[in-house]
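A short worksheet on the structure shown next.
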Amino acid sequence: MRKMTALSQPLALGLLALFLHACEKPQQEANAAGAPDSLQIASPAPAAAAVAADSTGQLSRAQIEEIAREEMPGALIIAEEIDHEDSLLVYEVDVKNEKGIFELVINAATGEVLEVEEKTADYEAEGKALPAEIPDLAARDAAEQAALASIPGEVVKWKVRDKGQGTYYSFTIRGADGGTQKVKVAAGTNEVQKSDD
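One gets the numbering used here by counting positions in the sequence shown from 1 and adding 870 to each.
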């Protein structure tokens, strides 16, 4: 019996080594082909956006904006709103390009683009005047900081407009009490022009 145990241990170790080598070889070949070391599960979101939800289970605004730019290359973002649609938390992102104005509805948790709708006629019918030159998102960020200094909270909606008196941003801010207030900020100067108290 003792002889059998002494023979079975090297045999078992040999089989284990053979098994480990067999498992390791496909992984090495995959790595040589440029595959990642870890298993990755496909996501419905664009791969280049490298989306990952934060601790709230929601993608960041920057990630959502990147997804919108990938979906509509060359488009400028002119408005965003966080909303609930069919029990999902979504971002509604309005973009403008040479073909018109479009609204993208993006799942806030997964980054999946749920809908793309042409909105040029709606903007024109509602008299939503856009500036001739859309400011970049860095200008929006600076205006947002001025808005939040005026009314602390979280921006749940913003848009850029020009109604003949210069380009401005309109921000809807949700305060700690859950109520919302609007504030208007001049683009470029970041002067708070109006706030609803």
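Glycine included, every Cβ here is placed at the ideal spot set by N, Cα and C.
Since we're looking at a predicted model, the values are computed, not measured.
By DSSP's criteria, residue i is part of a beta bridge. Which residues make up the other side?
i	result
LEU959	HIS954
LEU946	LYS966
LYS1064	LYS1054
LYS1027	GLU951 and THR1042
LEU974	VAL963 and VAL986
THR1037	ASP1032
Apart from the five residues on each side of it in sequence, which residues of its chain come closer than 7 Å, Cβ to Cβ, to residue i?
i	result
ALA1016	VAL1055, ASN1060 and VAL1062
Report, in whole angstroms, the separation of the C-beta atoms of residue i and residue j, which I expect to be a contact under 8 Å.
i	j	result
PRO1005	VAL1030	7 Å
LEU946	ASN977	The pair is not a contact, with the Cβ atoms about 22 Å apart (cut-off 8 Å).
ILE1043	LEU1018	7 Å
ILE1021	THR990	Not really, about 31 Å apart at Cβ, beyond 8 Å.
State buried or exposed for residue i, treating a residue as buried only when at least 16 other CB atoms are found within 10 Å of its CB.
i	result
THR1037	buried
GLN933	buried
GLN938	It is Ala, not Gln, that sits at residue 938 in the sequence shown. Result: buried.
LYS966	buried
GLY981	buried
ALA949	buried
ALA995	exposed
ASP964	buried
GLU955	exposed
GLU1014	buried
Return helix, strand or coil for residue i, following the three-state DSSP convention.
i	result
VAL1055	strand
GLU987	strand
ILE934	helix
ASP1047	coil
GLU940	helix
LEU929	coil
ASP1006	coil
GLU1014	helix
GLU996	coil
Please list, in chain order, all residues of the same chain as residue i whose beta carbon is under 6 Å from its beta carbon, the five residues on each side excluded.
i	result
VAL975	VAL960, GLU962, LEU984 and GLU985
GLY1045	GLY1023
ALA1012	ASN1060
GLY944	ASN967
LYS1064	LYS1054
LYS1027	GLU951 and THR1042
Enumerate in chain order the residues of its own chain whose CB-to-CB distance from residue i is below 8 Å, with the five nearest sequence positions on each side excluded.
i	result
ASP1032	ALA999, LEU1000, PRO1001, ALA1002 and TYR1038
ALA1009	ALA1057 and GLY1058
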